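These notes are about the structure you will find just below.
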């Protein structure tokens with residue numbers, strides 16, 4: 020039981036990390052597009 024909980028917790032953490040990573044990448048892309056639009 021403890022092992023299953025640990026696995027769920029690690030999967031949950033991985034999902035949070037990937038969501039944060041995608042948000043960061045998306046905001047970087049928006050910044051890049053706005054910078055290119057200024058040129």
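Residue numbers (this note's numbering): 20 to 58. Positions of the beta carbon are idealized from the N, C-alpha and C atoms, including for glycine. Just so we're clear, the structure is a prediction, and the values are computed from it rather than from any experiment.
Rounded C-alpha distance that separates residue i from residue j
i	j	result
residue 31	residue 22	14 Å
residue 37	residue 54	26 Å
residue 42	residue 50	12 Å
Own chain residues within Cβ distance below 6 Å of residue i, not counting five before or after
i	result
residue 39	none
residue 65	There is simply no residue 65 to check, as the chain begins at 20 and stops at 58 in what is shown.
residue 45	none
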